[in-house]
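Data block below; observations after.
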Amino acid sequence: MKIIAVIGAGTMGNGIAHVFAQKGFQVNLVDTQEKALEKALSTIAKNLDRQIKKGNITEEDKINTLTRIFSYTSVHKGIQEADLVIEAATENSVIKKEIFTEIDKLAKPDCILASNTSSISITQLANCTNRPHQVIGMHFMNPVPVMKLVEIINGQQTDTKTIEAIVSLTKILEKVPCVVNDAPGFIANRILMPMINEAILALQEGISDAATIDEIMKLGMAHPMGPLQLADYIGLDVCKNILVILQDGFNNTKYAPADLLIQKVNEGKLGIKTGEGFYTYSV
Ligand code: CAA
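Using the working numbering, the letters of the sequence shown map in sequence onto residues 200 to 482.
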């Protein structure tokens, strides 16, 4: 594989573009919003600067990485030549299904179509295409340049050749592939989101304050961030949506989002990106 198209230039899309371009792949970054593409490129440059500061890469590596990224405002330009398309658009199944239907028509016959979805069924996305055996989940973690895990999700029809290709590719990125079967929330979010929700319930019930709950999980369980800080980092709207997918997918109210989470989302307090969630931030 030489050319990777990434659809969606948000936090995950720009991180995915960053790591592929850094490893020598041409990246076609597609987003309908010109502004999102500009922001993505400046974020990638900023994150490459962090790596220079740490002495991990040189200024020349930064320039080479950035010159491998091409941005497009239409899928009609960035997709045709790609060997792999990774969809990292907004976490909405209707939008994702539309994208899969469209990219299936444009991509080369041997191109693999992957989704960075955090919880939407890969089998359902695959069923929107005429190549369900070449559709797979490639769930990167945020911040993508730092986190080692790529959760790889097999749809019901994903074939062995596709899984092997994506596992090898993940290793080229110096990340660790963990292969799982399609199920609501896969593994990462099936376990992470109930933990975050439980922390929110404990806060809601007044068992302790946010900082203490986070401190307990950081110091007691050696987590790099406490669950409430992590929820702010991920986005409270994202957490709520994933919990709803778990609740509906398993038809089990144990996954029901905490009232306090719903309240924060309704108030537009979505975490770091809006300047307030369980903590406040300068934006
Ligand atoms: N790009 C590049 N490098 C970055 C970066 C970025 N966006 N963010 C941080 N870094 C680098 C820093 O430069 C630093 O590098 P060195 O190790 O070489 O010094 C390193 O990462 C650590 O960063 P900091 O010193 O700034 O801060 P930290 O030690 O507090 O770590 C963190 C920050 C890596 C985010 C850490 O707090 C952490 O691991 N948090 C948990 C993150 C997590 O759980 N992510 C998964 C979220 S769930 C998800 O993504 C999936 C989903 O579906 C919801």
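Where is the CB? At the ideal position from N, CA and C, for every residue including glycine.
Computed from a prediction, not measured in an experiment: that's the story for all the values here.
Do the CB positions of residue i and residue j come within less than 7 Å of each other?
i: ILE395; j: ALA421; result: no
i: PRO344; j: VAL218; result: yes
i: LEU435; j: GLY470; result: yes
i: PHE385; j: VAL379; result: yes
i: GLN333; j: THR316; result: no
i: ALA208; j: ALA235; result: yes
i: VAL205; j: GLY212; result: yes
i: LYS374; j: LYS347; result: yes
i: ILE298; j: ALA306; result: no
i: ALA216; j: ILE262; result: no
i: PHE224; j: ILE203; result: yes
i: ILE352; j: ASP381; result: yes
i: LEU372; j: LYS222; result: yes
i: ASN465; j: GLU290; result: no
Would you call residue i buried or exposed, if buried means 16 or more other Cβ atoms sit within 10 Å of its Cβ?
i: SER318; result: buried
i: PRO331; result: buried
i: VAL284; result: buried
i: THR266; result: exposed
i: PRO423; result: exposed
i: TYR454; result: buried
i: LYS201; result: exposed
i: ASN450; result: exposed
i: ASP309; result: exposed
i: ILE311; result: buried
i: GLN150; result: Since the first residue of the chain shown is 200 and the last is 482, residue 150 is not available in this structure.
i: ASN227; result: buried
Just curious, the beta strand (DSSP E) that residue i is in, first and last residue?
i: LEU429; result: Note, LEU429: premise wrong, no beta strand (DSSP E); alpha helix (DSSP H) at 426–433.
i: MET420; result: Premise fails: MET420 lies in the alpha helix (DSSP H), 409–420, not in any beta strand (DSSP E).
i: PHE339; result: 334–339
i: ILE203; result: 202–206
i: PHE269; result: 268–271
i: ALA313; result: 311–314
i: ASN353; result: 348–353
i: ILE461; result: Note, ILE461: premise wrong, no beta strand (DSSP E); alpha helix (DSSP H) at 458–465.
Name the two residues that bound the continuous alpha helix (DSSP H) containing residue i.
i: ILE321; result: 321–325
i: GLU373; result: Looking at the DSSP string, GLU373 is not in any alpha helix (DSSP H), and its letter there is neither H nor E.
i: ILE395; result: 387–403
i: GLU301; result: 292–305
i: GLN530; result: The question about residue 530 has no answer here: the residues shown for the chain are numbered 200 through 482.
My guess is that residue i and residue j are in contact by the Cβ rule of under 8 Å, so how many angstroms apart are they, rounded?
i: ILE412; j: LEU427; result: 6 Å
i: SER320; j: GLU286; result: That belief does not hold up - the Cβ atoms of SER320 and GLU286 are roughly 14 Å apart, past 8 Å.
i: HIS338; j: ALA387; result: 7 Å
i: ILE365; j: ILE335; result: 5 Å
i: ALA476; j: LYS463; result: It should be noted that the sequence gives Gly, not Ala, for residue 476. Contact flag correct, Cβ pair sits at about 6 Å.
Validate contact between the stretch 391–410 and the stretch 440–459 using beta carbons, cut 8 Å, 3 pairs = yes
Touch test, the stretch 266–283 against the stretch 230–242, Cβ-Cβ under 8 Å, three pairs minimum = yes
ask   = Should the stretch 277–297 be regarded as contacting the stretch 246–258, the criterion being three or more beta carbon pairs within less than 8 Å?
value = Because the criterion of three Cβ pairs below 8 Å is not met, the stretch 277–297 and the stretch 246–258 do not touch.
query = Between the stretch 354–369 and the stretch 318–329, do at least 3 Cβ pairs fall closer than 8 Å?
reply = yes
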